[in-house]
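In what follows, a structure is listed as structure tokens, so that the remarks can point back to it.
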Amino acid sequence: MSDFLKDNNYLDFLLGESNVKFQFIFNNTNDLIQIFNDKMEIEYINENAHLRTLGYVNEDGVNILSDDKIHPKETKEAQQFLRDLIQKGEAEREGRLKHREGHWIWFNIRGKKILELRDSIQFLIISSEISKRKYAEQKLKESEEKYSFITENANDLIDIINIKLEIEYVNEEVHKKVLGYSKKDLIGNLLLNFVHPDDFLTAMKVLKGGFKKGETEGTIRFQHKNGTWIWLEIKGKAFLDNDGKQKALLISRDETKRKKAEDDLKATMEELKRSNEDLENFAYVASHDLQEPLRMVASFTQLLAKRYKDELDSEAHEYIDFAVDGAKRMQQLINDLLTYSQVRTHAKPFTQLDLNEILEKVLKDLKYSIEESNALFMYDSLPVIMGDKSQISQVFQNLISNGLKFNDKEYPLINISAESKKSHWLFSIRDNGIGIDSKYYDSIFKIFKRLHSRKDYPGTGIGLSICKRIIKRHGGEIWIESKLGKGSVFYFSIPKIKIK
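Counting the sequence shown from 1 gives a position; this note's numbering is that position plus 76.
Written as structure tokens, this is what we have:
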């Protein structure tokens with residue numbers, strides 16, 4: 077119907093009362109058509125369209141220029157429309173008209189002065205409903221406002237870049253806060269201009285890869301406006317804009333503090349590793365070098381007692397016995413400390429181990445203790461594992477010796493078993509000994525920790541610490557379950573390593 081506004085001759089033809097075809101179109105279009113005279117009185121409306129769209133018939137007084145049909149907030153726009161129509165001969169506006177039931181409907185309202193038509197001035201106004209478009213525009217506006225609110229109030233930096241890696245959008249406040257830059261500093265610039273030189277290739281790979289793969293992520297240093305460097309963790313997703321051009325949305329988070337903490341932790345761990353290695357080397361060297369002087373002390377003290385046996389009284393002999401006993405205990409402590417440090421300093425590569433052979437050798441070495449205690453043994457067939465032969469033998473020997481030593485039964489019973497799990501072997505060494513209170517479950521694995529006096533149970537208290545260190549080196553865990561007076565079960569796990 078908008079063509080009616082462009083050609084008066086055409087209008088003159090169409091408005092001819094004899095033109096039946098025009099009347100049919102005129103009455104069946106969905107646009108509202110009204111013709112006014114120079115006094116702004118309605119001369120014609122297409123009643124069917126008004127009834128369908130606004131619910132009015134001609135008799136209802138359906139003048140779309142009247143104040144009661146115009147939305148209160150659009151009075152000024154409506155008045156300006158009328159002035160333009162009269163003074164300029166044409167006008168257009170978008171506005172709401174009132175439905176007969178009281179609600180408002182959006183229209184695009186277009187008007188044109190028709191000069192000297194039937195020897196008088198007339199005005200033609202055509203109104204096309206645009207409610208769906210306005211609703212869509214409103215939803216789009218709300219979406220954009222919501223998007224703008226989210227982006228401007230987010231804690232993360234949000235950027236949109238094009239295929240040339242030029243910045244097209246930033247949420248300014250966050251960029252000011254994190255990097256010190258305003259929108260003016262960034263828009264139109266290459267993102268790579270702000271990247272640390274050492275991270276340039278990484279940034280290229282991350283950004284270009286994002287366009288190629290559709291999404292990307294990486295951690296890169298960007299220069300703050302004050303010259304410092306900020307670590308940003310970037311996640312990006314490629315998309316096509318309304319014009320079909322490739323763009324990428326980047327969401328970046330300040331990871332500077334985390335990276336610094338990681339670097340500090342890494343440095344601390346490396347320093348701790350060096351310190352531990354130095355300490356272990358010192359312990360090994362010191363222990364090794366102490367062996368000879370202690371042997372000399374013990375040997376010469378015993379020689380003194382033997383050579384001057386008749387010249388020394390009983391008290392002197394008692395002192396000599398104390399000295400010899402102390403030297404021997406110190407030798408044992410040093411030997412155990414050497415064994416403890418050698419778990420790492422003298423570790424051997426893992427080889428294939430048949431634990432049945434290992435256990436047979438351990439029981440043979442403990443034959444005297446087993447016979448002396450009347451101990452009985454029960455054990456399953458054990459698996460083949462990958463490990464350090466000497467160290468795994470040490471674990472079995474220490475745990476079995478424990479079961480024999482801390483046992484007050486007439487016939488100590490030791491049960492050894494292995495259970496296959498998905499990723500590891502679970503071993504258990506069960507005894508019927510004196511048991512341990514649950515409050516000591518953790519402390520018994522600490523170096524030199526003793527729960528009983530040396531008089532009742534001799535030893536240095538380092539055996540279980542050695543076991544824990546060995547099992548940990550093999551990637552497993554060791555723990556205990558026990559009941560006082562009933563006995564203990566030592567469990568330890570060894571990961572399954574594929575045997576080549």
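The C-beta atom is built at its ideal place from N, Cα and C for all residues, glycine as well.
Open item on the list: With distance defined between alpha-carbon atoms, name the residue in THR295, LYS321, LYS349, LYS323 nearest to ASP580.
Closed with: Here the chain covers residues 77 to 576 and nothing more, so residue 580 does not appear.
TODO: Out of LYS321, PHE568, THR344, state which residue places its alpha-carbon closest to the alpha-carbon of HIS550.
DONE: Taking the first residue of the sequence shown as position 1, residue 550 is located at position 474. Selected option, being the one with the closest Cα: PHE568.
Task: For ASN238, the three-state DSSP class (helix, strand or coil) - done: Mapped onto the sequence shown, residue 238 falls at position 162. Three-state DSSP puts ASN238 in a strand.
Open item on the list: Which of the three DSSP states is assigned to ILE505 in this structure?
Closed with: Position 429 of the sequence shown, counted from the start, is the residue given in the question as residue 505. Reduced to three states, the DSSP call for ILE505 is strand.
Open item on the list: Quick check: what's the CA-CA separation for THR105 versus LEU262?
Closed with: Taking the first residue of the sequence shown as 1, we reach residue 105 at position 29. Taking the first residue of the sequence shown as 1, we reach residue 262 at position 186. Those two C-alpha atoms are separated by around 52 Å.
- [ ] Confirm, please, whether the CB-CB distance from ILE234 to GLU244 is below 9 Å.
- [x] Within the sequence shown, residue 244 is the residue found at index 168, counting from 1. Within the sequence shown, residue 234 is the residue found at index 158, counting from 1. Not a contact, by the Cβ cut-off of 9 Å.
Open item on the list: Please identify the residue among LEU379, ILE206, ASP513, LYS382 whose C-alpha is closest to the C-alpha of GLY171.
Closed with: As a working note, residue 171 is residue 95 in the sequence shown. Minimum Cα distance to GLY171 is reached at ILE206.
- [ ] Within 10 angstroms of the Cβ of THR151, are there 16 or more other Cβ atoms? Answer buried if so, exposed if not.
- [x] What you label residue 151 is simply residue 75 of the sequence shown in a count that begins at 1. The residue is exposed, with fewer than 16 neighbouring Cβ atoms inside 10 Å.
TODO: Throw me the rounded Cβ distance for the LEU475 and CYS543 pair, which I believe falls under 8 Å.
DONE: If you number the sequence shown from 1, residue 475 lands on position 399. If you number the sequence shown from 1, residue 543 lands on position 467. That pair is a contact at about 6 Å.
Open item on the list: Tell me the residue span of the alpha helix (DSSP H) that contains ILE446.
Closed with: For the purposes of this step, residue 446 is taken as the residue at position 370 of the sequence shown. ILE446 -> alpha helix (DSSP H) spans 443-449.
TODO: Express the C-alpha separation of ASP317 and ILE306 in angstroms, rounding to a whole number.
DONE: Looking up residue 306 in the sequence shown gives position 230. Looking up residue 317 in the sequence shown gives position 241. Rounded to whole angstroms, ILE306 to ASP317 spans 30 Å at the Cα level.
Task: Whole-Å CB distance - ILE570 paired with ILE461, under 8 Å assumed - done: Within the sequence shown, residue 570 is the residue found at index 494, counting from 1. Within the sequence shown, residue 461 is the residue found at index 385, counting from 1. At roughly 5 Å, the Cβ-Cβ gap stays under 8 Å, so ILE570 and ILE461 are in contact.
Task: Residue from LYS215, ILE118, GLU123 with nearest C-alpha to GLN99 - done: To locate residue 99, count along the sequence shown from 1; it is residue 23. When each option's Cα is compared against that of GLN99, the closest is GLU123.
- [ ] Could you say which of ASP340, LEU255, LYS333 lies nearest to ASN302 if we only look at CA atoms?
- [x] Position 226 of the sequence shown, counting from 1, holds the residue named residue 302. Comparing Cα positions, the closest option is LEU255.
Open item on the list: Quick check on DSSP: helix, strand or coil for PRO369?
Closed with: Here residue 369 refers to the residue found at position 293 when the sequence shown is read from its first residue. Looking at PRO369 - three-state DSSP - the assignment turns out to be helix.
Task: Outcome for LEU81 when other beta-carbon atoms lying within 10 angstroms are tallied against a minimum of 16 - done: Reading the sequence shown from its first residue, position 5 is the one you call residue 81. At LEU81, the pLDDT of 46 sits below 50, so the modelled position is not reliable; the number obtained from the coordinates is stated separately. Label assigned to LEU81: buried.
- [ ] Whole angstroms is fine: what's the gap from SER529's alpha carbon to HIS500's?
- [x] Translated into positions along the sequence shown, residue 529 becomes position 453. Translated into positions along the sequence shown, residue 500 becomes position 424. Confidence in SER529 is poor, its pLDDT being 49 and thus under 50, which makes the residue's placement too unreliable to answer from.
TODO: Have a look at LEU141 and GLN163 and give me their C-alpha separation to the nearest angstrom.
DONE: Within the sequence shown, residue 141 is the residue found at index 65, counting from 1. Within the sequence shown, residue 163 is the residue found at index 87, counting from 1. Taking the straight line joining both Cα atoms gives about 16 Å.
Open item on the list: Can you tell me whether HIS126 is buried or exposed? The criterion is at least 16 other CB atoms within 10 Å of its CB, across all chains shown.
Closed with: Indexing the sequence shown from 1 puts residue 126 at position 50. So HIS126 counts as buried.
TODO: Could you spell out the range, first to last residue, of the beta strand (DSSP E) harbouring VAL246?
DONE: Looking up residue 246 in the sequence shown gives position 170. Looking at the DSSP string, the run of the beta strand (DSSP E) that includes VAL246 is 243-246.
Open item on the list: Mapping the DSSP letters down to three states, classify ASN106 as helix, strand or coil.
Closed with: Residue 106 sits at position 30 when you count from the first residue of the sequence shown. It is coil, neither helix nor strand.
Open item on the list: Could you tell me the alpha carbon to alpha carbon distance between LEU341 and SER445, rounded to whole angstroms?
Closed with: The residue you call residue 341 lines up with position 265 of the sequence shown. The residue you call residue 445 lines up with position 369 of the sequence shown. C-alpha separation (whole angstroms): 48 Å.
- [ ] Could you check what DSSP says for ASN432 in three-state terms: helix, strand or coil?
- [x] Start at 1 with the first residue of the sequence shown, and residue 432 comes out as number 356. Helix, per DSSP.
TODO: With DSSP collapsed to three states, give me the class of ILE468.
DONE: Within the sequence shown, numbered from 1, the residue matching residue 468 stands at position 392. It is helical.
Open item on the list: Can you look up THR427 in the DSSP assignment and give me helix, strand or coil?
Closed with: As a working note, residue 427 is residue 351 in the sequence shown. Strand.
Task: Sequence-distant residues of the same chain with beta carbon closer than 6 Å to ILE547, five excluded per side - done: Looking up residue 547 in the sequence shown gives position 471. Closer than 6 Å at the Cβ level, and outside the excluded window around ILE547, lie ILE554, PHE568.
- [ ] Using three-state DSSP, classify PHE315 as helix, strand or coil.
- [x] The residue labelled residue 315 in the question sits at position 239 within the sequence shown. Strand at PHE315.
TODO: Could you check which residue in GLY402, VAL400, PHE566 has the C-alpha nearest to that of ALA494?
DONE: Mapped onto the sequence shown, residue 494 falls at position 418. Looking at the Cα atoms, PHE566 is the closest of the given residues.
Open item on the list: I'd like to check one pair, GLU213 with ARG186: are the Cβ atoms closer than 9 Å?
Closed with: Here residue 186 refers to the residue found at position 110 of the sequence shown. Here residue 213 refers to the residue found at position 137 of the sequence shown. Their beta carbons are not under 9 Å apart, which means ARG186 does not touch GLU213 by this criterion.
- [ ] Give the DSSP-derived three-state secondary structure of TYR567 in the structure shown.
- [x] Start at 1 with the first residue of the sequence shown, and residue 567 comes out as number 491. Here TYR567 sits in strand by DSSP.
- [ ] Determine the extent of the alpha helix (DSSP H) in which ASN124 is found, giving its start and end residues.
- [x] For this step, residue 124 is matched to residue 48 along the sequence shown. It spans 123-130 - the alpha helix (DSSP H) in which ASN124 sits, taken as one unbroken run.
TODO: Please name the residue in LEU326, PHE287, PHE426 whose C-alpha comes closest to that of LYS572.
DONE: Numbered from 1 along the sequence shown, position 496 holds the residue referred to as residue 572. Minimum Cα distance to LYS572 is reached at PHE426.
Open item on the list: At the level of alpha carbons, what is the spacing between LYS562 and LEU540?
Closed with: Translated into the one-based positions of the sequence shown, residue 562 becomes position 486. Translated into the one-based positions of the sequence shown, residue 540 becomes position 464. Distance between the alpha carbons of LYS562 and LEU540 is about 20 Å.
Task: Burial state of GLN470 (16 or more Cβ within 10 Å) - done: Position 394 of the sequence shown holds residue 470. So GLN470 ends up on the buried side.
Open item on the list: I'd like the span of the alpha helix (DSSP H) that includes LYS281, first residue to last.
Closed with: Start at 1 with the first residue of the sequence shown, and residue 281 comes out as number 205. Residues 276-289.
TODO: Verify whether the separation of the beta carbon atoms of LEU429 and ILE468 is less than 9 Å.
DONE: Counting from 1 along the sequence shown, the entry for residue 429 is found at position 353. Counting from 1 along the sequence shown, the entry for residue 468 is found at position 392. Yes, the pair counts as a contact, with Cβ atoms nearer than the cut-off.
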